[in-house]
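Participant: Got a structure for you, written out below as structure tokens; questions coming shortly.
Residue numbers (our numbering): 100 to 599.
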């Protein structure tokens with residue numbers, strides 16, 4: 100219907116506003132001016148976290164919805180040129196709807212819903228401003244040129260397809276895309292039709308590459324500010340933020356499974372996940388111009404104001420027309436901001452507790468007592484005792500016996516061996532090794548913690564094959580798990596590698 104033409108022009112106008120607005124952002128933040136950085140610097144941490152959380156969701160949804168680009172662009176322009184030629188030469192068999200005639204049943208609500216759906220095409224604008232450091236010097240100028248070129252290509256493709264859809268009288272079908280219908284009408288079901296379909300499939304698959312580049316970078320920025328775990332700052336062997344890539348792939352796969360691969364419900368959520376950061380970014384730039392007032396600031400301020408009002412309007416339209424599909428974002432964003440705050444609070448508490456005054460806090464020498472749990476007299480135990488005696492003379496071995504016979508046998512063999520270390524024998528009537536051992540360690544800790552470091556030295560053999568571990572009871576791991584939370588007890592392991 101003819102309403103698609105003015106709606107398409109409205110989307111094109113919005114794209115123009117976004118391109119001009121983000122061009123200002125690129126020059127204002129030449130080291131990387133994504134919505135997170137801009138909103139955090141100008142509107143505060145909460146606004147920055149809202150923008151960052153929205154973009155993280157968007158990148159996850161990008162992979163889930165999309166699951167090289169130059170070939171696709173070429174194919175679309177060939178479609179526009181070929182379809183336009185057929186239109187101008189009068190070879191179109193379908194008649195276009197009459198322009199300007201009111202159509203029954205078309206309401207303002209329906210038009211706004213169509214406009215919000217068209218806005219989903221603009222969700223890649225943010226990526227350029229995030230990746231400014233990746234451009235060749237002068238980075239900000241090259242990024243700005245790229246942004247403008249991207250806007251021109253995207254606008255031309257969007258308007259070309261919209262005009263052809265109107266000219267060919269194409270109506271949306273659940274079983275066939277608009278691009279497929281136009282290609283079929285313009286070229287028939289020949290080579291060009293399948294070429295366009297193939298390149299469309301490829302671009303949908305490879306569109307996820309944008310998210311795999313942007314999500315790890317945004318996660319790095321958040322982790323650098325201590326709002327996400329430090330693991331997102333670690334680069335892998337290929338110098339990429341591999342943890343961010345793995346997390347993105349995992350979350351996207353889970354989202355596809357949960358949604359059943361139905362992109363119809365994901366796209367509105369995907370779009371509003373971008374327009375919220377768009378709005379916050381433009382609002383942040385407005386405050387920046389008002390606060391700093393550099394030379395010639397009024398025009399950039401006006402551009403960003405128009406951008407903010409426009410993207411805010413789009414957000415409200417999404418909320419008004421597609422609330423049933425985007426309500427989740429209003430639960431998710433507060434939850435994400437809360438998690439970000441908790442992570443940041445943990446890192447602050449950790450820094451406060453670990454902070455050292457180098458003028459006052461000097462290491463204080465203390466003695467050392469070492470406790471070695473033993474299950475028998477073996478090469479593993481001999482190796483552990485030898486290591487312990489090289490550190491201190493205060494070494495004690497502890498054996499837990501379940502009956503009198505095993506206790507007497509152990510005491511006799513220990514006396515015959517005489518390693519120069521005292522053996523403490525504990526009896527366990529309930530056949531538990533850990534409980535009596537913990538009570539003994541508690542006693543040693545109570546007596547020695549003020550004057551000595553208490554260390555539990557655990558003998559452990561390392562098997563030659565992984566499946567050999569399944570054949571042993573792993574008592575050493577259980578002891579370490581119990582001791583891990585003890586404040587004044589140190590845990591150490593002396594490995595003995597088996598040869599067979």
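We put the beta carbon where it would ideally sit given N, CA and C, even for glycine.
Small disclaimer: the values here were computed from a predicted structure and weren't measured.
1. Tell me whether residue 613 sits in a helix, a strand or coil according to DSSP, three-state version.
2. Can you find the residues in the same chain that come closer than 8 Å, C-beta to C-beta, to residue 231, ignoring five residues on each side of it along the sequence?
3. Using only the alpha-carbon positions, how far apart do residue 575 and residue 557 sit?
4. Straight-line CA distance for residue 279 to residue 351?
5. Measure from the C-beta of residue 349 to each C-beta in chain B and report whether the shortest distance is under 8 Å.
6. Assign residue 426 to buried or exposed, taking buried as 16 or more other Cβ atoms, counted over all protein chains shown, within 10 Å of its Cβ.
7. What does DSSP give as the partner residue(s) for residue 467 in the beta ladder?
8. Suppose only complete runs of 4+ residues qualify. What are the alpha helix (DSSP H) ranges in the segment 514–573, listed by chain order?
9. Does DSSP put residue 137 in a helix, a strand or coil?
10. CB residue 483 to CB residue 593, shorter than 8 Å?
11. Just verifying my parser: in three-state terms, what is the DSSP assignment at residue 252?
12. Tell me whether residue 513 is buried or exposed, calling it buried when 16 or more other Cβ atoms sit within 10 Å of its Cβ.
13. Going by Cα to Cα distance, which pick from 378, 376, 377, 402 is closest to residue 388?
14. Would you please state the rounded distance, in angstroms, between the beta carbons of residue 326 and residue 148? I believe it to be under 8 Å.
15. What did DSSP end up calling residue 412 once you bin it into helix, strand or coil?
16. Expressed to the nearest angstrom, what Euclidean distance is found between the alpha-carbon atoms of residue 446 and residue 500?
17. So for residue 392, helix, strand or coil by DSSP?
18. Can you name the residues that DSSP bridges to residue 325?
19. Between the segment 564–572 and the segment 534–553, can you find at least three pairs of beta-carbon atoms closer than 8 Å?
20. Give every residue of the same chain whose Cβ lies closer than 8 Å to the Cβ of residue 386, excluding the five residues on either side of it in the sequence, and list them in chain order.
21. Among all the DSSP beta bridges, which residues are the ones paired with residue 472?
22. Quick test of the definition: if touching needs 3 or more C-beta pairs under 8 Å, does the segment 389–408 touch the segment 369–381?
23. Which residue comes first and which comes last in the beta strand (DSSP E) that contains residue 349?
24. Taking 8 Å as the threshold, find out whether the segment 581–596 comes into contact with the segment 551–565 through three or more Cβ pairs.
25. Find the nearest neighbour of residue 497 within the set 511, 470, 456, 517, judged by alpha-carbon distance.
26. With DSSP run on the structure shown, which of helix, strand or coil describes residue 595?
27. Could you please give me the residues that DSSP links to residue 590 through a beta bridge?
28. Helix, strand or coil: how does DSSP classify residue 448 here?
29. Let me know if residue 489 comes out buried or exposed under the rule of 16 or more other beta-carbons within 10 Å of its beta-carbon.
30. Would you check if the distance between the CB atom of residue 301 and the CB atom of residue 282 is smaller than 8 Å?
31. DSSP state of residue 623, grouped into three classes?
32. Any contact of the segment 407–420 with the segment 112–120, i.e. 3+ C-beta pairs under 8 Å?
33. Pull up the distance between the alpha-carbon of residue 109 and that of residue 160, whole angstroms please.
34. I'd like the list of long-range same chain contacts for residue 543, defined as Cβ closer than 7 Å, with 5 residues on each side in sequence excluded.
35. Which whole-angstrom value is the C-beta distance of residue 134 and residue 433, which I expect to be below 8 Å?
36. Check residue 234 in the structure and name its three-state DSSP category.
Facilitator: On the basis of the coordinates in this document:
1. The chain is shown only over 100 to 599; residue 613 falls outside these bounds and no answer can be derived.
2. 125, 128, 129, 130, 131, 132, 238, 239, 242
3. Distance between the alpha carbons of residue 575 and residue 557: 7 Å.
4. 27 Å
5. Given the protein chain composition of this structure (a single chain), no chain B is represented.
6. exposed
7. Residue 467 pairs with 552.
8. 533–547
9. helix
10. Going by beta carbons, residue 483 and residue 593 fall inside the 8 Å limit.
11. helix
12. buried
13. Scanning 378, 376, 377, 402 for the CA closest to the CA of residue 388 turns up 402.
14. 6 Å between Cβ atoms; contact.
15. It is helical.
16. 45 Å
17. coil
18. Residue 325 is not bridged to any residue.
19. no
20. 141, 142, listed in sequence order.
21. 497
22. yes
23. Note, residue 349: premise wrong, no beta strand (DSSP E); alpha helix (DSSP H) at 341–358.
24. yes
25. Looking at the Cα atoms, 470 is the closest of the given residues.
26. Looking at residue 595 - three-state DSSP - the assignment turns out to be strand.
27. 555
28. In this structure, residue 448 counts as helix in the three-state DSSP scheme.
29. Exposed is the label assigned to residue 489, since fewer than 16 other Cβ atoms lie within 10 Å of its Cβ.
30. no
31. No answer is possible for residue 623: the residues shown for the chain start at 100 and end at 599.
32. Contact holds: three or more Cβ-Cβ distances are below 8 Å.
33. 25 Å
34. Closer than 7 Å at the Cβ level, and outside the excluded window around residue 543, lie 468, 470, 553.
35. Residue 134 to residue 433, Cβ: 18 Å. No contact.
36. The three-state reading of DSSP puts residue 234 in coil, since its state is none of H, G, I, E or B.
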